[in-house]
Every structure is written in structure tokens, then in C-alpha cells.
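Asks:
Residue numbers (my numbering), protein chains in the order written: chain W, 534 to 1167; chain C, 89 to 190.
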């Protein structure tokens, strides 16, 4: 088992999906064990693949050629498409996050989804998602990546709308699918543009071609910006972020897996993977990545301050994190983005799964009906607190190291304005994450009834939470070269994941100090604003009603889009419908038929039905043809 | 040797006679006979061209045989139809048969 067999990682969940789809209902326990076994096996099999990769790195001492696996798929007249899987360092990081979080989430789901009537279908979809996501990560060419990209989008649609008898869930699924599709069209066009210019879908060949200057700069820039549109949709960046908060209508394990740890970071992964293209293109492309990332960070953080639904706040924090990763990528820092992605996968899945536990225990998801839950749910409260501190960036939790790396890269590679905004965002993040914890777990319960029945979840749910909490604490330490060396890696994650040259973890005291002070100020500020009766917060809300309304209404983006759909899309649709009904159908189709009927009716009176008339007409015709032939040919 | 034009003239006369018969006659049987005349005129034409222009090729002669075979089959069919019409309408005069009229 080495890199050559990497296709197995994706094939195992795919096989589980097929078996569950066809025979799931006949299996004991609806086949949940099969789904978990498949993703568990994929997780375990990463290690031999990783060992093989490390051997190759040691042998060559530099960036090795990625280990290829898979087969030729379509070969036609010089056009060659591989069903190809490639393993390199970037892939390994994604593989670990995806398969570990998927495993934890599926185990947790055994408890969370226990009494659901569509229990088996849930695990079927989860297996399909795991297969598609692992394919996306492993794909060595753009076309396979795009197929997997749509595959995860489809699974996301199925799982957001898992409780599709609920209208809001069905609407949210539709919204997510349509919104991400807007970006996906861009991605597809971008891939086609690259293929048209280079004649290959293979990523590495495309990068070489871009470096060699095969494409003109405006052409390449257009192509990468279109590809970035795909990332904007999938990773919920401004202005296509509106689907992610609504996606919380799905079951909480789905939110944890798909809408926090894995699928939404596919956009980040795409940009990280294709960064050589961005670097070969006009600098405006990367500036666009940074700019949209910053806007996203700010909008999501401020909206997170006023939302009251626990899962929605965590969803906004996810958008916030994705924005941070985009800012890091915009600075060209793949390592920083990937460290954050790695750490984020764990602590965000932890936050979602513990929100799920709250929902499971109290059947309330709004902080206005929660409060004081720590006493009733000590395990959930503790792990949620760890997740909050990690997200806020309090040392030495994983979020701090990851976030510090991003802020450092923004301070070194961007201007002071970006740096200041990043520091401010750390403060706001601390503020709203701590607010969420305070409102949920401390103070007096606002709903006595729900509070009385609250209790910690069964072990099948708490064990994944505890494992994720441990990782949320320690995952950040992989930035240190010493830790990497101890684990058998060539240095820390920064030296492991790189595209151009190895990058050791840098720790600048002043940047770290700013980050720590901002985060602590945020967390402590939250205690001032929201603890107890939360009077200062209410006063602030009353003092600036316009700002409060702006944030509460999500910057009116949903309303804007709704108006756009009503006024433009539907109006255009009505015109098309009118055109189809009146011009195409009534005039074109029915009209031509009516014309034939009418002319037939009129012309039939010219028929006598007598043989000599027809014989005479035939002979006249022949004579006429003969005359014409004589004129033409003689 | 008789020149080819003689055969062509003969075939032209036969064909014209056939056309005249088809147009002028009212009896269905006579019309059928006129049609046969036209067909045989065409056969003569084929054979004449075959013998004079391409003596080695066999095509024209084969064509003539085909025409005769098809004509024989057609006569059988047409006589059957005429018989049915006569049974139904007690006439074989085509002027009195206008079943195809609207």
C-alpha cells in the first residue's frame, strides 16, 4: 500500500455508498456500520500513503513528484483524460482533516440521528459525500476535480434538505444549490479556458504551461478569476455567502462535516492548489482574493454579533474563518491557509457537534431560550468552551497558532490597512464567540422547561466530541518544527505544505502580542457586554438602532437578492414564458399545424377523383420536365 | 445493319400511342393495355441503347427483363383491382369511377 493505491481512499466510501443504496435496507442497523467502517478504513489507509510520501521526500530531499494513482479514462486522438489521483503534501493535510472529521461525525450521528425514519439514507448520503470529497482532494486533473466538486455540492443539497418535509429545509437546500451553482459555472468556464489554451486538464501540466507563459496575461487572469468564482460560491465568500447560514437547516452532523470542516474549505483548497496560476496571472487576481476575503471576514463577524441561533452564529464564524483563509491565500501564503484549514476543521466540527448536543438535549437552538446549561451539560459545555477559545484565538489552543500565522502573513505581505483590519477581526471574533458561550452556558436559564430536561449526550456522541476537543487543543502545535520532527515529518507543517519553498513557522512577538491582546479583549469584552442580564449589549443595540438593524438583517443581502430575483429573474422568466406560449407554441407549432389543416381544407376542392384528370396531369408534368431538360442540357 | 435511330423512332411511336391510349380511352382495361404499350416502348429503348452503345455491358438487357417482370406483376394487380371495381360499380368506365373525390 503506497501512493499508487491512493484511489482506494475514495473508492472505499464509494463502494459503501453503492452497497447502502442498493441493499442498505436489508442490512442490520440499516448499514451505519458499513459507512463508518469504510471511512474509518480510508482514515487508517492514509498512514501508509503518508509513509510512502515521506520516504520519497527523504529520498529526493526536495519537493517530490507527486505519487500518481489511477487509470487512463478517455483516450481519443491525442486527448487523454485520467481517472487520476495524486498525493502530495497539500492532499495529505486535506485527507487527514476530511477523513478524521467524517469519521467522528458519522460516529456521532449514530447517536444524533438514532430515531430518524431515514436513518439509513443519512448514512448513504454521508458515504457518497466522503467519496466525492476524497476524490476532490485527490484528483490530479481539473475535470475529475470538477466532477467531484459537483458531487459534494449535490450531497450538500441532499443533506441540507434531509428533512425535506420541512419547507424551510427544502428552500435552504435549493438556495444552497443554486447559489453555489452560480460560482460553479465560473469554475467550469475557467477550466475550459485553461484547457483550450493548454490542451490538457492535468493540473501540473497546466501550471507548467502557465509558468512558461503559454497564455497571455489577461487570458490567464480571466480564467483564474472565473475559477475563483467557484471557490467564492463553495467557500461562502462575499457576495455568495448567503447560502451557508441557511444551510443550518440540515441535521447538525451535516453542518459539522459539510458546512464547516470539509466541503466549504474545498474552495480554499482549490485556490491553494491552483495558486501557481494565480501567481502567474495579474496581481489583481490575488488582490481580489484578499479583498473578498476581508469583506467576508467583516460582514460575517458583525452579523455573528447579533444572531441568536446557536448554529447560525457558528455558521457565521465558519464564513469568518473561510474569509481568513482566503486573505492568507491572497497573500500567497499557502502554508498559513492550510494550517488554519487543518486546525479549523477540528475546532469547527467540535463547535457544531456540541451545538448539536445542545439541540439534542433541549430541542432549542436559540440563545434566547437557552442559558445556564453548563451545570446540566458539563462535558458539552467544556468542549464547547474549548472550541470557542480555539476559534477566538486564545493561546495555546490550535486556533491561535493558525490565526497568528495568517495575521503575520497579512502584516508582511499586505499593507498596514489589511493588518489593522485583521487585528480588529480577531477582536470581533473573540467578542461573538464568547458571547455565544456566555448566552448558552452561563447565567440563568431563560426556558426553565428545556433546562430541566437537559443532560449530556450518550457516549457515542460525547467521545467524538472529546477527541475533537483534544485535537482542537493540540492540532496547532504541528506548526513547530520540533513537533513535526518528532512525528517523523520534515519539520513543521509550514515546511511540509509548500509550493515554492519551505517555510518555517515564524513567531513574531509583536504580531502575536497584538493578536493575543485583541482576542483577550474580545473575550473579556463579551463578558462585560453579555453576562448576566446583558444590559450593556441591549443598551448598545438601542443606542445604534441602524447598525443593529443592518447586522440583524444580514446587510439586507438576502432582501437584495430576493428583490433581484423578483424584479429581474422572474420578470425575465415571465417574458420567456410569454414568448414560449404565444410565439413559439401558439404561432410556431400550433400555427403551422393550423396552416396545414386550413390549406388542406381549401385545396381538397380542387380534386376531381377521376383517373383521366390525373393521367393528363402526369403527362403534362412529364412533357414540362422534358422541355426543361431540353432547354438546360441541349 | 439497321441504324439505331430506327429503333428509337419505333419506341417513340409506341410510347406516343400508349400516351394517347391512356388519355383517350375510357375503358380501364384499354388504359391498362396502353400503359403496357408505353412500358414496352421503354424496353425497346433500353435494348437499342444497350446493343448499339455498350455491347459488352449487359445492363440494358437486364433492365428490359426487369421491366417485363414488373409489368407482368403490375398487370396481375391492376386486373384484380379493375375486377373489384367492376363487381362494385358494374362498370369499367373510368369516368364513372370517382371514389377518390372529396
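Every residue gets a Cβ at the ideal spot worked out from N, C-alpha and C, and that includes glycine.
Predicted model only: the values in this text are computed from it and were never measured.
Cβ of residue 753 of chain W within 7 Å of any heavy atom in the ligand NAD?
Replies: Summarising the ligand content, the structure contains no ligands, and the ligand NAD is consequently not present.
Asks: Measuring only the C-alpha atoms, how far is residue 602 of chain W from residue 585 of chain W?
Replies: Taking the straight line from one Cα to the other gives about 13 Å.
Asks: Verify whether the separation of the beta carbon atoms of residue 637 of chain W and residue 1001 of chain W is less than 8 Å.
Replies: The answer is yes: Cβ separation under 8 Å.
Asks: For residue 121 of chain C and chain W, any beta-carbon pair shorter than 8 Å?
Replies: For residue 121 of chain C, the answer is no, since every Cβ of chain W falls outside 8 Å of its Cβ.
Asks: So the beta strand (DSSP E) residue 619 of chain W belongs to, where does it begin and stop?
Replies: Residue 619 of chain W -> beta strand (DSSP E) spans 612-620.
Asks: Exposed or buried, residue 869 of chain W, counting other C-beta atoms within 10 Å across all chains shown (16 or more means buried)?
Replies: Counting Cβ neighbours within 10 Å, residue 869 of chain W comes out buried, since at least 16 surround it.
Asks: So the alpha helix (DSSP H) residue 1061 of chain W belongs to, where does it begin and stop?
Replies: It spans 1042-1063 - the alpha helix (DSSP H) in which residue 1061 of chain W sits, taken as one unbroken run.
Asks: Mark residue 1086 of chain W as exposed unless 16 or more other C-beta atoms lie within 10 angstroms of its C-beta, in which case mark it buried.
Replies: With fewer than 16 Cβ atoms within 10 Å of its Cβ, residue 1086 of chain W is classed as exposed.
Asks: For residue 880 of chain W and residue 700 of chain W, what's the separation of their Cα atoms in angstroms?
Replies: For residue 880 of chain W and residue 700 of chain W, the distance between alpha carbons rounds to 31 Å.
Asks: What residues from chain C crowd round residue 1152 of chain W, counting only those whose CB sits closer than 9 Å?
Replies: Here the neighbours are 107, 110, 111.
Asks: Going by other Cβ atoms of all chains shown within 10 Å of its Cβ, with 16 needed for buried, is residue 1112 of chain W buried or exposed?
Replies: Looking at its Cβ environment, which holds fewer than 16 other Cβ atoms inside 10 Å, residue 1112 of chain W is exposed.
Asks: Which chain W residues are close to residue 187 of chain C, counting only those with a beta carbon under 8 Å from its beta carbon?
Replies: Near residue 187 of chain C (Cβ distances below 8 Å), the residues of chain W are 1142.
Asks: Using a beta-carbon distance below 8 Å, is residue 1166 of chain W in contact with chain C?
Replies: Judged by the 8 Å Cβ criterion, residue 1166 of chain W is not in contact with chain C.
Asks: Can you pull the chain W neighbours of residue 182 of chain C, defined as C-beta to C-beta under 8 Å?
Replies: 1143, 1144, 1145, listed in chain order.
Asks: Once the 5 residues before and after residue 914 of chain W are set aside, which same chain residues still bring their CB inside 7 Å of it?
Replies: Answer for residue 914 of chain W: 906, 907, 974, listed in chain order.
Asks: Leaving out five residues before and five after residue 124 of chain C in sequence, what residues of the same chain have Cβ atoms less than 8 Å from its Cβ?
Replies: Cβ neighbours of residue 124 of chain C beyond the five flanking positions: 106, 159, 163.
Asks: Could you please give the first and the last residue of the uninterrupted alpha helix (DSSP H) stretch that includes residue 1091 of chain W?
Replies: Start and end: 1090-1097.
Asks: Comparing the C-beta of residue 1159 of chain W with each C-beta of chain C, is any distance below 8 Å?
Replies: Not one chain C Cβ lies under 8 Å of residue 1159 of chain W.
Asks: Helix, strand or coil: which one does DSSP assign to residue 673 of chain W?
Replies: Here residue 673 of chain W sits in coil by DSSP.
Asks: I'd like to know whether the C-beta of residue 1148 of chain W is nearer than 8 Å to at least one C-beta of chain C.
Replies: True, the Cβ-Cβ gap to chain C drops below 8 Å.
Asks: Compute the Euclidean distance between the alpha carbons of residue 860 of chain W and residue 762 of chain W, then round it to the nearest angstrom.
Replies: C-alpha separation (whole angstroms): 15 Å.
Asks: State the Cα-Cα distance for the pair residue 575 of chain W and residue 945 of chain W, rounded to the nearest angstrom.
Replies: Computed Cα separation, rounded: 38 Å.
Asks: Could you give the DSSP three-state label for residue 156 of chain C: helix, strand or coil?
Replies: Correct three-state label for residue 156 of chain C: helix.
Asks: From which residue to which residue does the alpha helix (DSSP H) around residue 877 of chain W run?
Replies: 867-895 is the extent of the alpha helix (DSSP H) around residue 877 of chain W.
Asks: DSSP state of residue 144 of chain C, grouped into three classes?
Replies: Reduced to three states, the DSSP call for residue 144 of chain C is coil.
Asks: For a minimum of 4 consecutive residues, which ranges assigned as the alpha helix (DSSP H) are wholly contained in the stretch 984-1025 of chain W?
Replies: For the stretch 984-1025 of chain W, whole alpha helix (DSSP H) runs of length 4 or above, ordered along the chain, are 992-1007, 1014-1019.
Asks: In whole angstroms, give me the CA-to-CA distance for residue 745 of chain W and residue 753 of chain W.
Replies: Going from the Cα of residue 745 of chain W to the Cα of residue 753 of chain W covers about 12 Å.
Asks: Can you confirm whether the stretch 1089-1109 of chain W touches the stretch 144-157 of chain C when touching is taken to mean that 3 or more C-beta pairs between the two stretches lie within less than 8 Å?
Replies: Result no; under three Cβ-Cβ pairs closer than 8 Å.
Asks: Using three-state DSSP, classify residue 607 of chain W as helix, strand or coil.
Replies: Correct three-state label for residue 607 of chain W: strand.
Asks: Relative to the C-alpha of residue 553 of chain W, which candidate in W:659, W:541, W:994, W:1164 has its C-alpha closest?
Replies: Residue W:659 is the option with its Cα nearest to residue 553 of chain W.
Asks: State buried or exposed for residue 873 of chain W, treating a residue as buried only when at least 16 other CB atoms are found within 10 Å of its CB.
Replies: Its Cβ being crowded by 16 or more others within 10 Å, residue 873 of chain W is buried.
Asks: On the DSSP letters alone, give me the boundaries of the alpha helix (DSSP H) that residue 718 of chain W sits inside.
Replies: First-last of the alpha helix (DSSP H) with residue 718 of chain W: 700-731.
Asks: Apart from the five residues just before and just after residue 839 of chain W, which ones in its own chain have a Cβ nearer than 7 Å to its Cβ?
Replies: Closer than 7 Å at Cβ, skipping near neighbours: 1081, 1084, 1085.
Asks: Grouping DSSP H, G and I as helix and E and B as strand, with all else coil, what is residue 903 of chain W?
Replies: Residue 903 of chain W: coil per DSSP, three-state reduction.
Asks: Once you ignore the five residues that flank residue 726 of chain W on each side, which residues in its own chain have a CB closer than 6 Å to its CB?
Replies: Cβ within range, chain order: 756.
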